[in-house]
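Taking it in order: structure first as structure tokens, then the write-up.
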Amino acid sequence: MRVVPPALDDPADTAVDDPAVDDAGAVVDGTDAPSRPVRAARARKPTVDAVCAAAVDLARAAAEEMAADAPEAGGVGEHLGVAPEGDRLVSHEFACTLRGYAGWRWVVVVGRAPRQKQATVVESALLPGPDALQAPTWVPWSERLRPGDLGVGDLLPPEPDDPRLAPGWTGGASPDLTDDDAAEVWELGLGRARVLSLAGRGDAAERWYAGDGGPLAPVAVAAPGQCSTCGFLAPLRGSLGQAVGVCANELSPRDGQVVALDYGCGAHSEAAVPRESVAPAPPVLDELGIEVVAVGVAQPAVIEESAADDAERTPSDAPAAPAEG
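If you're matching positions, the sequence shown starts at 1 in the UniProt record's numbering and goes up one per residue.
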């Protein structure tokens, strides 16, 4: 009897009795199977190919050919070095001596095929170095404006969908609005076509808090107290008043500017200089030194009598002559 072998394309006869395993290493039928870790292939660091590194003259010739289009001759300078770019692929760098290209380099990439003894030029380019003179990074016009750029007479209309603004309420749909009602509406922050949105208030609070009026400023760190306890703080209405206020002290460095409630300065309303009683120092007596003082000689007083006084003197007033023996 002849036995017919099963067809090779029959999955029932050719399938291997091996349970299906998902990505986590578990068998689909519910039993656990040990998962074998897959080791990732380690990237091999390219090395400098000796044949490509020795092709300095070939790379210089390619750089000089590229520099020949420059208006001035001799734009290729000294050889700066080589760097591996891949397997049997090396880049040569030459200094650029062209005017206006300080710090730029001629880069020529040379390579070779396996078992080839000669290198060929792959590509060449003029690239900036670490200290190259380059133009500033291009910035879109909408992002070029910075704080302080707006001058007298300049207009800066906001975008129609500015996220910092939200639609307000002007009261135009209520013609019966009285003056008292309008004042109350204005105190609530309404009466305008657009008002600050939640994002606008948050951006302003973060900007003010992180600026010179925040708690991390050097003046605030050395302050005797915070603005939350200062009498010169003018509070703000709304949610912004919970974080910032306006300084009203003309002697403060932040007069008329927004300050954080935990900001502070030396002009705090409760700042006081402690008065210390200083005891007088005891007198110092010098008992060893000698002080020489020049003293003048006193002259006797001379009394001068006039001739008229002698004439008026009577004989009785004259002195008696001495008696003769």
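C-beta atoms are modelled at their ideal positions from N, C-alpha and C, and glycine is treated no differently. The structure presented is a predicted model; accordingly, all values stated were derived computationally and were not measured.
Within the region 60-148, the complete beta strand (DSSP E) runs of at least 3 residues fall at 76-86, 89-96, 104-111 and 120-128. Closest option to Gln116, judged by alpha-carbon separation, among Cys227, Asp49 and Asp286: Asp49. At least 8 Å separates the beta-carbon of Val121 from that of Val139. Residue pairing of Cys247 in beta bridges, as defined by DSSP: Leu233 and Asp255.
Within 10 angstroms of the beta-carbon of Leu145 lie fewer than 16 other beta-carbons, which makes it exposed.
The three-state reading of DSSP puts Arg207 in helix, counting H, G and I together.
Gly289 counts as exposed, since fewer than 16 other C-beta atoms from the protein chains shown sit within 10 angstroms of its C-beta.
Here Gly213 is near Gln257, since their CB atoms are less than 8 Å apart.
Relative to the Cα of Leu233, the nearest Cα in the group Val56, Ala220, Leu285 and Ala248 belongs to Ala248. Contact between the region 215-231 and the region 265-272 is present, with at least three C-beta pairs closer than 8 Å. Taking C-beta atoms as the reference points, Leu198 and Leu165 fail to come closer than 8 Å. Within the same chain, no Cβ atom closer than 6 Å to the Cβ of Gly266 is found once the five residues on either side in sequence are excluded. Around Gly225, the same chain offers Gly264, His268, Glu270 and Ala271 as residues with beta carbons nearer than 8 Å, after the five sequence neighbours per side are excluded. Across the set Glu93, Arg207, Ala193 and Gly129, the C-alpha of Arg207 shows the shortest separation from the C-alpha of Pro147.
According to the DSSP assignment, Pro167 belongs to the beta strand (DSSP E) that extends over Leu165 to Pro167. The C-alpha of Val259 is placed about 15 Å away from the C-alpha of Ser239.
Here Ala199 carries a helix assignment [DSSP, helix/strand/coil]. Residue environment: Val293 is assigned as exposed (fewer than 16 neighbouring CB atoms within 10 Å of its CB, all protein chains considered). According to DSSP, Ala260 shares a beta bridge with Val244. Under the DSSP definition of a beta bridge, Arg194 partners with Pro167.
Straight across, the Cα-Cα distance linking Arg105 with Leu150 is about 41 Å. Residue burial annotation: Leu261 is buried, with at least 16 other C-beta atoms found within 10 angstroms of its C-beta.
When only Cα atoms are considered, Ala83 and Val90 end up about 6 Å apart. Annotation: Ala119 to Ala54 spans about 9 Å, alpha carbon to alpha carbon. Cα atoms of Ala183 and Pro253: separation of roughly 34 Å, rounded to the nearest angstrom.
Classified as exposed, Arg237 has fewer than 16 neighbouring CB atoms from the shown chains inside 10 Å of its CB. Under the three-state reduction of DSSP, Leu58 is assigned to helix.
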